[in-house]
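See below for the structure under consideration.
In the working numbering, the protein residues as written are 84 to 357.
What follows is the structure, encoded as structure tokens:
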């Protein structure tokens, strides 16, 4: 009699499953909801990319005629010198439209993690001088980093977990230890090359770093490095490689400035342990 009873139980389970109710044998697609969410996240990210691209293309169309074949994002110092020579007269004749195109390109590259913004910063120094160049670089870098911050809320987690799993664990631990002085720590990271700026942009929303802290640290923390890059752009002819920007002396100065930004945290810890 045991066999028929067990068969009856199996049959009842099948009936329950067909009616859509839960049972021990029902197999649910565990990742179905996550897949759906990811799909919509990527759709939203693609929509953002489309809007940015369309806006950039419209700005491109409104520009005065030029030799568009020479307008490309530089990848080497040699490319940058050629681009600077081509754009110098253009920037003088159409300053407002050129700055609009420059800003749109810089922010687009920063938002969507396209390499080459260091060359755009050098170009700002070569074309606009120190004061105007620093303002443009800090404005564009902050706007692009902010856009990247919010974009990371949509699709940042898989990218960071794939590219920088160890850095993410390290960053998470450091943030947890410095919640009381988070702005000082974020300033230190922005001023010094301790962590890549791209990583900071992507990982910050994942670790619940408030946007006002992220924004303030970005605006202030990027000024020293922007000054170095813009000044190097003034002497573009003497620059051989991007690596020449950050020699031992320059890195020492940046870390010294960064040290003063976290000094309040160090002093607070010392008072606690005394």
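Using N, Cα and C, we set each Cβ at its ideal position, and we do this for glycine too.
Quick caveat, the model's predicted, so the values are computed rather than measured.
Asked, Found
"Residue 299 and residue 341 closer than 7 Å at C-beta", "no"
"Residue interval of the alpha helix (DSSP H) (run including residue 245)", "213 to 246"
"DSSP-derived helix/strand/coil call for residue 156", "coil"
"Residue 106 in three-state terms, based on DSSP", "Low confidence applies here, because residue 106 scores a pLDDT of 39, under 50, leaving its location unreliable; read the following figure in that light. Note: residue 106 maps to coil in three-state DSSP."
"When 244, 164, 124, 227 are compared against residue 305, the one with the closest alpha-carbon", "227"
"Simplified DSSP state of residue 96, which is helix, strand or coil", "For residue 96, the predicted structure reports a pLDDT of 39, less than 50, and the residue's modelled location is therefore unreliable. The matter cannot be settled from this model."
"Environment of residue 172 [buried if 16+ CB atoms lie within 10 Å]", "exposed"
"Simplified DSSP assignment, three categories, for residue 139", "helix"
"Limits of the alpha helix (DSSP H) - the one that residue 323 falls within", "Premise fails: residue 323 is in no alpha helix (DSSP H) and is neither H nor E."
"Own chain partners of residue 197 with C-beta closer than 8 Å, once the 5 adjacent residues on each side are dropped", "156, 191"
"Whole alpha helix (DSSP H) elements within the region 255 to 306, 4-residue minimum", "265 to 274, 280 to 289"
"Start-to-end residues for the alpha helix (DSSP H) that takes in residue 177", "Note, residue 177: premise wrong, no alpha helix (DSSP H); not H, not E."
"Residue 196 (DSSP reduced to helix, strand or coil)", "coil"
"Cα-Cα separation between residue 294 and residue 166, rounded to whole angstroms", "35 Å"
"Supposed close pair residue 194, residue 125 - CB separation, criterion 8 Å", "With a Cβ gap of about 16 Å, residue 194 and residue 125 do not count as contacting."
"For residue 318, the three-state DSSP class (helix, strand or coil)", "coil"
"CA nearest to the CA of residue 280, picked from 236, 178, 224, 122", "224"
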